[in-house]
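**Student:** The structure that follows is given in the form of structure tokens.
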Amino acid sequence: MTDRSMPRTLRSSRTALVSLAGVGLLGTLAGCAGGAEAEESGTGSSTGADSAGARSYADGTYEADGSYRSPGGQQTVTVSITLADDTVTAVTVTPHATDPNAKQFQGQFAGAIADQVVGRDIDSLNVSRVAGSSLTSSGFNDAVEQIKADAAE
Amino acid sequence: MPPSERRFSAIGAPWRIDTEEPLDDAGFERVLALVEEFDRAYSRFRDDSLVARLARDGGTVDFPEDAEPMFALYAALYRATDGALTPLVGASLEQLGYDPAYRLTPRWPALPSPAWDDRLRVEGSRVTAAEPVLLDVGAAGKGALVDLVSAELRAVGVGGATVDASGDLLHTAPEPLRVALEHPYDSSLAIGVVEVSGAICASAANRRAWADGLHHVLDGRTGLPVREVAATWVLSETALEADGLATALFLTDPERLLGDFDFRWVRMFTDGSADYSDDLPGEVFAA
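Same order as they appear, the protein sequences are chains H and B.
Mind the numbering: the first sequence is residues 1 to 153 in the UniProt record's numbering, read in order.
Mind the numbering: the second sequence is residues 1 to 287 in the UniProt record's numbering, read in order.
See below:
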């Protein structure tokens, strides 16, 4: 990202909403987050513990100012969200950086975004190591296998 | 290929140490003794550990002196995540079934972790708890041990080394190490590749998962597993810091941490999207 003052359009609603939670707008947008979660198709991390009920919102574009506390002080951003059928279809975050320090932190906050990562075959990458989640002990793995076996009966 | 490679299993994970100079048996014994001492202090899976004593009796426990930076990191990350990352998550994990007996059957409702200020006083490496309390150093403990092992290798005269504890790695040899970022849903794939000098730690919810939606990365405020984030990677100077920050990125956004810590990061969400540092020394593969 070369120009940090430009608005960024984040097409991935999931990424944007998670980021928004960090800028203190969760209260305002909690309903949207619930809607988005309902849309989420489980890729291995779903849980039955969610108690969010079905809600409905009018289609359209909503805009709100939000603030968050950074090491450089209180910062503000304008967030614009487009809703269609209770799903967030577009999010734009415009930072209002007031001093160079804050601008730096908001730039770091924005980071870079991949709407969808693509897996490549590790064998094709010529790497020395792979960084993934810890391999687990046999005790843990055995117990999981046992539970799966019990559940299948 | 470095001339010396040692493999062993410790604190529930496979380890591999590569050194530029051969690591002789005496040096390797010292490393293994260090690892055993760490396990005896912090494991919540053995009943003779200091953690087990604190859970049984409460009171004051003196952890090894090198615990101080780890406890200091926990305090900083507890503040930065508003209590979501906490060493008091042990009881919440056990409630969900991740206990020494590997019960792996949750009890409901989930149990939020107790507040630090109510339960725990930490002065350096000394921990005092008025009531019995179960600590869990899973968020940063392995990284801390990787740093200790690396320092021990220097002490026995084999400086340039790669200490790989499976998910937590510290590389001190001069040439950077090329490391793949393992796809959290398919271990034959990578979602990116980075050049590492120093530490890289990965955290993912996939392997220590035991039932529908249940895995080991919990939000201490709810006692429930984190759902939005699938995996994180942090590059930093020390494995302790990289390990703790990788867990913290499940629970807060990077900008809450960048003021206090110097690190590069990648975060992948459960919907398949990702965000990462502008200045990542590497690449994330995107559509």
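Idealized CB from N, CA, C, for every residue including glycine.
DSSP three-state call for W108/B: helix, strand or coil?
**Tutor:** Coil.
**Student:** Enumerated in chain order, which unbroken segments of the alpha helix (DSSP H) with a length of 4 residues or greater are wholly contained in the region 229-274 of chain B?
**Tutor:** Listed in chain order, the complete alpha helix (DSSP H) runs (minimum 4 residues) inside the region 229-274 of chain B are 239-248 and 255-258.
**Student:** Grab the span of the beta strand (DSSP E) containing A114/H for me, first residue to last.
**Tutor:** Note, A114/H: beta strand (DSSP E), A112 to A114.
**Student:** Three or more beta-carbon pairs under 8 Å between the region 232-248 of chain B and the region 265-272 of chain B, yes or no?
**Tutor:** Yes, since at least three Cβ pairs between the region 232-248 of chain B and the region 265-272 of chain B fall closer than 8 Å, the two stretches touch.
**Student:** For G244/B, which residues from the same chain have a beta carbon less than 6 Å from its beta carbon, with the 5 sequence-adjacent residues on both sides left out?
**Tutor:** Result list for G244/B: L73, L77, A139 and A140, in chain order.
**Student:** Only counting the same chain, and skipping five residues up and downstream in sequence, which positions put a Cβ closer than 7 Å to that of A190/B?
**Tutor:** For A190/B, where only same-chain residues beyond five positions count, the Cβ hits under 7 Å are A180, L181, E182 and H183.
**Student:** Is the CB of Y276/B under 7 Å away from at least one CB in chain H?
**Tutor:** Taking Cβ atoms only, chain H reaches closer than 7 Å to Y276/B, which makes this a yes.
**Student:** Of the residues S187/B, L120/B, D25/B and L96/B, which one's Cα is nearest the Cα of F71/B?
**Tutor:** Cα-wise, what sits closest to F71/B is L120/B.
**Student:** Just to make sure I have the definition right: I need the residues of chain H whose C-beta is within less than 8 Å of the C-beta of M268/B. Which are they?
**Tutor:** Near M268/B (Cβ distances below 8 Å), the residues of chain H are V117.
**Student:** Taking the alpha helix (DSSP H) that A80/B falls in, what are its first and last residues?
**Tutor:** Counting along the chain, the alpha helix (DSSP H) containing A80/B begins and ends at E68 to A80.
**Student:** Between residue 288/B and the rest of its own chain, which residues show a CB-CB distance below 6 Å, the 5 nearest in sequence each way excluded?
**Tutor:** Only positions 1 to 287 of chain B appear in the structure, and residue 288/B is not among them; the question remains open.
**Student:** Bridge partners for V117/H per DSSP, in chain order?
**Tutor:** Answer is A286/B, bridged to V117/H.
**Student:** Can you list the residues of chain H that F63/B reaches, using a CB-CB cut of under 9 Å?
**Tutor:** Those within 9 Å of F63/B in chain H number zero; the least Cβ separation is about 22 Å.
**Student:** Are any of the Cβ atoms in chain B nearer than 7 Å to that of A38/H?
**Tutor:** At A38/H, the pLDDT of 30 sits below 50, so the modelled position is not reliable and the matter cannot be decided from this model.
**Student:** Is it a yes or a no for the region 96-111 of chain B touching the region 163-170 of chain B, going by three-plus beta-carbon pairs under 8 Å?
**Tutor:** Judged by Cβ distances under 8 Å, the region 96-111 of chain B makes no contact with the region 163-170 of chain B, as fewer than three pairs qualify.
**Student:** D24/B: buried (16+ other C-beta within 10 angstroms of its C-beta) or exposed?
**Tutor:** Exposed, since its Cβ has fewer than 16 Cβ neighbours within 10 Å.
**Student:** Check S124/H in the structure and name its three-state DSSP category.
**Tutor:** Of the three classes helix, strand and coil, the one that applies to S124/H here is helix, per DSSP.
**Student:** Whose Cβ in chain B lies nearer than 7 Å to the Cβ of D121/H?
**Tutor:** Simply S188 and L189.
**Student:** Establish whether the CB of R178/B and some CB of chain H are separated by less than 7 Å.
**Tutor:** So yes, R178/B belongs to the interface.
**Student:** For P132/B, which of A52/B, I17/B and A274/B has the nearest alpha-carbon?
**Tutor:** Per the Cα distances, A52/B.
**Student:** Measure the alpha-carbon distance for A13/B versus V130/H and round it to whole angstroms.
**Tutor:** So the alpha carbons of these two residues sit roughly 15 Å apart.
**Student:** To the nearest whole angstrom, what separates the beta carbons of L177/B and V193/B, a pair I think is in contact under 8 Å?
**Tutor:** The pair is not a contact, with the Cβ atoms about 11 Å apart (cut-off 8 Å).
**Student:** Suppose the cutoff is 7 Å on Cβ atoms and the five residues either side in sequence are ignored; what does the same chain contact list for T222/B look like?
**Tutor:** Cβ within range, chain order: A110 and P112.
**Student:** Helix, strand or coil: which one does DSSP assign to F28/B?
**Tutor:** Three-state DSSP puts F28/B in a helix.
**Student:** Evaluate L17/H with the Cβ neighbour count: other Cβ atoms within 10 Å of its Cβ, from every protein chain shown; 16 or more gives buried, anything less gives exposed.
**Tutor:** Caution applies to L17/H, whose pLDDT of 37 falls short of 50 and renders its modelled position unreliable; the value that the coordinates give is listed next. Flag for L17/H reads buried.
**Student:** Just confirm the distance between the C-beta atoms of V284/B and F250/B, as a whole number of angstroms; I'd bet it's less than 8 Å.
**Tutor:** V284/B to F250/B, Cβ: 18 Å. No contact.
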